[in-house]
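Going left to right, the sequence shown walks through residues 24 to 191 as the numbering used here numbers them.
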Amino acid sequence: MKTAVYPGSFDPVTNGHIDVIERALKIFDKVIIAVGDNPEKKPLFSTQERMDMIKESTNHLKNVEIDKLSGLLLNYVKKKNCNIILRGLRAISDFEFEFQRALMNRKIDNEIETLFIMTKESYVYLNSSIVKEMAMFRGNVNPFVPKIVEKRLIEKFKYSKRHKSLDN
Ligand code: ADP
24 MKTAVYPGSF DPVTNGHIDV IERALKIFDK VIIAVGDNPE KKPLFSTQER
74 MDMIKESTNH LKNVEIDKLS GLLLNYVKKK NCNIILRGLR AISDFEFEFQ
124 RALMNRKIDN EIETLFIMTK ESYVYLNSSI VKEMAMFRGN VNPFVPKIVE
174 KRLIEKFKYS KRHKSLDN
């Protein structure tokens with residue numbers, strides 16, 4: 024059974040993340056989505072809220088596990104008896120950061136490989152921060168996130184879809 028761990032903050036999960044997961048499931052028997060906190064980012068949603076949104080957005084997929092990531096990623100991956108870290112690649116801007124991480128992890132543990140999956144072209148510029156910013160200013164995030172995420176963002180920033188359309 025080939026398993027990959029897909030770590031990230033998923034704050035919140037976007038269609039870009041889902042696209043990466045769907046592509047990974049064509050290669051791996053199982054994908055573990057490990058929800059952690061990036062120390063450089065202050066999350067909008069709690070870990071539990073983020074996990075719940077991922078659960079609902081992936082319920083059309085089999086062989087997906089959603090888990091909380093704590094501690095060092097390499098230790099977590101080993102604990103799961105796995106040797107693949109999966110990351111998504113968007114624009115070139117991701118490259119330097121991901122390259123440094125992947126090589127650093129390889130230096131610490133040569134048995135663990137980082138694999139990158141490129142997203143669909145239409146999601147290349149999509150990230151969770153842009154989505155949060157759009158939602159904060161009542162922009163329409165519908166094309167970029169699963170339905171449940173749109174709903175939770177509207178609740179978080181306390182407006183209604185009706186209100187939003189009146190604003191426009
Ligand atoms: P992190 O804070 O750890 O980067 P993110 O939730 O922002 O966590 O992203 C998790 C992974 O998903 C990263 O590898 C990131 O590059 C990738 N990713 C995020 N958005 C997209 C997207 N639109 N298309 C492809 N990969 C993406």
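C-beta atoms are modelled at their ideal positions from N, C-alpha and C, and glycine is treated no differently.
Just so we're clear, the structure is a prediction, and the values are computed from it rather than from any experiment.
For this session: Taking the CB atoms as reference points, tell me whether residue 147 and residue 113 lie closer together than 8 Å.
Result: Within the sequence shown, the letter at position 124 stands for residue 147. Within the sequence shown, the letter at position 90 stands for residue 113. It is a contact, given that the beta carbons lie within the stated cut-off.
Exercise. Is residue 146 near ligand 1, going by C-beta to nearest heavy atom under 7 Å?
Worked result: Along the sequence shown, one-based indexing puts residue 146 at 123. Under cutoff, so the answer is yes.
For this session: Report yes if the CB atom of residue 47 is closer than 8 Å to the CB atom of residue 109, and no otherwise.
Result: If you number the sequence shown from 1, residue 47 lands on position 24. If you number the sequence shown from 1, residue 109 lands on position 86. A contact, by the Cβ cut-off of 8 Å.
Exercise. At which residue ranges does the segment 50–82 contain complete beta strand (DSSP E) runs of 3 or more residues, listed in the order of the chain?
Worked result: 53–58
For this session: Return the CA-CA distance between residue 104 and residue 154, expressed in angstroms with no decimal places.
Result: Position 81 of the sequence shown holds residue 104. Position 131 of the sequence shown holds residue 154. The straight-line gap from Cα to Cα measures roughly 34 Å.
Exercise. On the three-pair Cβ rule with 8 Å, is the segment 150–164 touching the segment 125–139?
Worked result: no
Exercise. Are the beta-carbon atoms of residue 43 and residue 140 separated by less than 8 Å?
Worked result: As a working mapping, residue 43 is identified with position 20 in the sequence shown. As a working mapping, residue 140 is identified with position 117 in the sequence shown. Yes, the pair counts as a contact, with Cβ atoms nearer than the cut-off.
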